[in-house]
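Q:
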Amino acid sequence: MSKNTVSARFRRVDVDEYDENKFVDEEDGGENQLGPDEAEVDSLIRQGNLTEALHAVLKNPPINTKNQNVKDRAEGLVLKVLSAFKSSDIEKGVQSLDKNGVDLLMKYIYKGFERPSENSSAVLLQWHEKALAAGGVGSIVRVLTARKTV
Amino acid sequence: MAYHSFLLEPISCHAWNKDRSQIALCPNNHEVHIYKKDGTKWTKIHELKEHNGQVTGIDWATDSNRIVTCGADRNAYVWTLKEGTWKPTLVILRINRAARCVKWSPKENKFAVGSGSRLISICYFEQENDWWVCKHIKKPIRSTILSLDWHPNNVLLAAGSCDFKCRVFSAYIKEVEEKPGPTPWGSKMPFGELLFESGGSEAAAQTSAGGGGGWVHSVCFSHSGNRLAWTSHDSTVSVAEGGKTGILSSETLPLLCVTFITENSLVAAGHDCYPVLFVYDGAKGGLTARERFQNLDRRASESQSTDKDPETLHKNSISQISVLEGGRNQCTKFCTTGMDGGMGVWDVKTLESAMKNLKIV
Numbered sequence: 000m001s002k003n004t005v006s007a008r009f010r011r012v013d014v015d016e017y018d019e020n021k022f023v024d025e026e027d028g029g030e031n032q033l034g035p036d037e038a039e040v041d042s043l044i045r046q047g048n049l050t051e052a053l054h055a056v057l058k059n060p061p062i063n064t065k066n067q068n069v070k071d072r073a074e075g076l077v078l079k080v081l082s083a084f085k086s087s088d089i090e091k092g093v094q095s096l097d098k099n100g101v102d103l104l105m106k107y108i109y110k111g112f113e114r115p116s117e118n119s120s121a122v123l124l125q126w127h128e129k130a131l132a133a134g135g136v137g138s139i140v141r142v143l144t145a146r147k148t149v
Numbered sequence: 000m001a002y003h004s005f006l007l008e009p010i011s012c013h014a015w016n017k018d019r020s021q022i023a024l025c026p027n028n029h030e031v032h033i034y035k036k037d038g039t040k041w042t043k044i045h046e047l048k049e050h051n052g053q054v055t056g057i058d059w060a061t062d063s064n065r066i067v068t069c070g071a072d073r074n075a076y077v078w079t080l081k082e083g084t085w086k087p088t089l090v091i092l093r094i095n096r097a098a099r100c101v102k103w104s105p106k107e108n109k110f111a112v113g114s115g116s117r118l119i120s121i122c123y124f125e126q127e128n129d130w131w132v133c134k135h136i137k138k139p140i141r142s143t144i145l146s147l148d149w150h151p152n153n154v155l156l157a158a159g160s161c162d163f164k165c166r167v168f169s170a171y172i173k174e175v176e177e178k179p180g181p182t183p184w185g186s187k188m189p190f191g192e193l194l195f196e197s198g199g200s201e202a203a204a205q206t207s208a209g210g211g212g213g214w215v216h217s218v219c220f221s222h223s224g225n226r227l228a229w230t231s232h233d234s235t236v237s238v239a240e241g242g243k244t245g246i247l248s249s250e251t252l253p254l255l256c257v258t259f260i261t262e263n264s265l266v267a268a269g270h271d272c273y274p275v276l277f278v279y280d281g282a283k284g285g286l287t288a289r290e291r292f293q294n295l296d297r298r299a300s301e302s303q304s305t306d307k308d309p310e311t312l313h314k315n316s317i318s319q320i321s322v323l324e325g326g327r328n329q330c331t332k333f334c335t336t337g338m339d340g341g342m343g344v345w346d347v348k349t350l351e352s353a354m355k356n357l358k359i360v
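For the record, the sequence lines run as chains S and C.
Just so it is clear: in the first sequence, position 75 is 74 by numbering that gives the first Met the number 0, and no numbers are missing.
Just so it is clear: in the second sequence, position 324 is 323 by numbering that gives the first Met the number 0, and no numbers are missing.
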């Protein structure tokens, strides 16, 4: 028997990495994406201007960055804004967004579903209902097919 | 609106003959069946059995009356009618994965086959050896080619792929044609040249929160060849013209097929089981990309109600749409086939009058 069979390290080689046909997504240079401005959003929430806060928190989505902290911070901030809304105001909040905004909101909502906390799912479900009415199933399809997401 | 239920199985693909009296379709198996119109009835007149795998694409060359079929068995056959039966000729595609789609060129002197081998085979007939020869377009395709459409100049070919891109290639074969003149897509067109690729930086700036889009299910040139439309699995429809791309995010489920019915209007259909009309406004020359996005309008056009489920003509996803009469600039009738095994024939004038305020521009 040859020496090779002594070590089983070869079983840990990820052969897919060496496949010359491997599909690699385009790099889009997301190093500069910092996510929404925390200070701005916080001040708008404190002022009670929730619609503005919603618009502010949906700016600069950290889509292309690989930095998980930035993404987590953004998601936390979005959740803060969404929870601050009164149930009756959610629909108006969604109406104030344009098509891209609704798609982005849907992405954050599903991201929020991934890691539920105390009350988050209830709030997110209310937002999901209104966003679905505005964006249709197409917006959910775009959440599912997006290669780079928040 | 006429609807004929051919089968219980999905219709994988279909093609019409010149006078629209016969339709060739694949009933989700290894064969191609040709039905002939008999008043309001359809009778099966031919069964083409040669493929060893599901037939994934059929195209009927209307002027020369030849049918080309391609299948999951990695083969393509060109069928010619001899003494009342269709006789196949094998075409060596040199692919090692299933063929997915096939299209005759406008002059019918060559055809293109898209496959899972991540390449497009352009096949033409070599007189001296009396057989079909093929050339490959490989770069920079990264995944399966799902759909193909020829430009009216017989040289340019649009291809939609699973690598999320829609591209325009040159399929110029010097053995069968003259050098083409310049077009808005480019002027230098050696074989295999890439003239357009979707998802460039400009398009990325327009799309919402980025994302790479989805598989490009269907591509279609307009009648003039200056506009290219494609549908993608992320529920979007896009139209490219002169370096600019307009993208519309649809609220429907993904659309699987699209065709132009005038230079400005497109009809697309897909998993929502009904065709949808889109209007493209590219009039103002100096339009910014943003404005074009806003000018992309959508009005739903179905025969019955707007309810999704039982009220649509088709009861399952529509997978293919073809123009029956009027060509892509003045279409008066188009046909849809789908997973419910049925074929719907849609009359544009009837649709126009049935929907209030609908004017097909």
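Cβ atoms here follow ideal geometry from the backbone N, Cα and C, with glycine treated the same way.
Just the Cα atoms here: how many angstroms apart are C:A1 and C:S11?
A: Answer to the nearest angstrom: the Cα atoms are 20 Å apart.
Q: Helix, strand or coil: which one does DSSP assign to C:S221?
A: In the structure shown, C:S221 sits in coil (DSSP, three-state: anything other than H, G, I, E or B).
Q: Would you tell me roughly how many angstroms separate the C-alpha atoms of S:P35 and S:V80, rounded to the nearest one?
A: The alpha-carbon atoms of S:P35 and S:V80 are separated by roughly 12 Å.
Q: Name, please, each residue of chain S whose Cβ falls closer than 8 Å to the Cβ of C:E250.
A: Under the 8 Å cutoff, chain S gives G134, G135, V136, G137, S138.
Q: Please tell me whether C:S197 and C:C256 are closer than 8 Å, where the distance is taken between their beta carbons.
A: It is not a contact, given that the beta carbons lie outside the stated cut-off.
Q: So the alpha helix (DSSP H) S:D97 belongs to, where does it begin and stop?
A: From DSSP, S:D97 is part of no alpha helix (DSSP H); its letter is neither H nor E.
Q: Buried or exposed for C:L80, going by 16 or more other Cβ atoms inside 10 Å?
A: Exposed, by the Cβ-count rule.
Q: Measuring CA to CA, which of C:F259, C:D280, C:W59 is closest to C:V77?
A: Among C:F259, C:D280, C:W59, the Cα nearest to that of C:V77 is on C:W59.
Q: Please report the straight-line C-alpha distance between C:S169 and C:W15, rounded to a whole angstrom.
A: Distance between the alpha carbons of C:S169 and C:W15 is about 26 Å.
Q: Flag C:H232 as yes if its beta-carbon sits less than 8 Å from any beta-carbon of chain S, otherwise no.
A: It does: the Cβ of C:H232 has a partner Cβ on chain S nearer than 8 Å.
Q: For the beta strand (DSSP E) containing C:Q319, name the first residue and the last one.
A: Start and end: 317–324.
Q: Taking only runs that begin and end inside the stretch 23–81 of chain S, name each unbroken alpha helix (DSSP H) of 4 or more residues, in chain order.
A: Qualifying alpha helix (DSSP H) stretches, in chain order: 37–46, 49–56.
Q: Using a cut-off of 8 Å between C-beta atoms, extract the partners of C:S142 located in chain S.
A: Ordered by position in chain S, the residues that pass the 8 Å Cβ test against C:S142 are F22.
Q: Contact criterion: CB-CB distance below 8 Å. Does S:K129 meet it with respect to chain C?
A: Not closer than 8 Å to any Cβ of chain C, the Cβ of S:K129 fails to qualify, so no.
Q: Expressed to the nearest angstrom, what Euclidean distance is found between the alpha-carbon atoms of C:T61 and C:V90?
A: Their Cα atoms are separated by approximately 20 Å.
Q: Here's the rule: buried if 16 or more other CB atoms are within 10 angstroms of the residue's CB, otherwise exposed. What is S:T4?
A: By the neighbour-count rule (16 or more Cβ atoms within 10 Å), S:T4 is not buried but exposed.
Q: In angstroms, rounded to a whole number, what distance separates the CA positions of C:T335 and C:N27?
A: Whole-angstrom Cα-Cα distance: 16 Å.
Q: Pull up the distance between the alpha-carbon of C:M342 and that of C:N74, whole angstroms please.
A: Going from the Cα of C:M342 to the Cα of C:N74 covers about 27 Å.
Q: Quick one: which residues of the stretch 252–280 of chain C get their C-beta closer than 7 Å to a C-beta of chain S? List them in chain order.
A: Hits within the stretch, in order: L252, P253.
Q: Under 7 Å Cβ to Cβ from C:L6, same chain only, skipping five residues before and after it: list those, please.
A: Taken in chain order, the residues that qualify are P26, G340.
Q: In the DSSP assignment, what are the bridge partners of S:S87?
A: In the DSSP output, where bridge partners are listed per residue, S:S87 has none listed.
Q: Closer than 8 Å by beta-carbon distance: list the chain S residues that pair up with C:V162, in chain order.
A: First, the amino acid is wrong: residue 162 of chain C is Asp here, not Val. The answer, in chain order, is F22.
Q: Starting from C:I140, trace the beta strand (DSSP E) both ways and give me its first and last residue.
A: Where C:I140 is concerned, there is no enclosing beta strand (DSSP E), given that its DSSP letter is neither H nor E.
Q: Under 7 Å between beta-carbons, which chain S residues line up against C:H213? List them in chain order, please.
A: Checking the sequence shown, residue 213 of chain C turns out to be Gly, not His. T144, listed in chain order.
Q: Which stretch, first to last residue, makes up the alpha helix (DSSP H) that contains C:R99?
A: Taken as a continuous stretch (DSSP letters only), C:R99 belongs to no alpha helix (DSSP H), being part of the beta strand (DSSP E) at 98–103.
Q: Considering only the alpha carbon of each residue, which of C:P151, C:V101, C:D37, C:G241 lies closest to C:Q21?
A: Among C:P151, C:V101, C:D37, C:G241, the Cα nearest to that of C:Q21 is on C:D37.
Q: Shorter than 8 Å from the beta carbon of S:R72 to some beta carbon of chain C?
A: It does not: the Cβ of S:R72 has no partner Cβ on chain C nearer than 8 Å.
Q: In the stretch 10–88 of chain C, which residue ranges form an unbroken beta strand (DSSP E) of at least 3 residues, counting only runs that do not cross its ends?
A: With a minimum length of 3 residues, the continuous beta strand (DSSP E) runs that stay inside the stretch 10–88 of chain C are 12–15, 21–25, 30–37, 40–48, 54–60, 65–70, 75–81.
Q: Can you pull the DSSP bridge partners for C:M342?
A: According to DSSP, C:M342 bridges with C:H3, C:T336.
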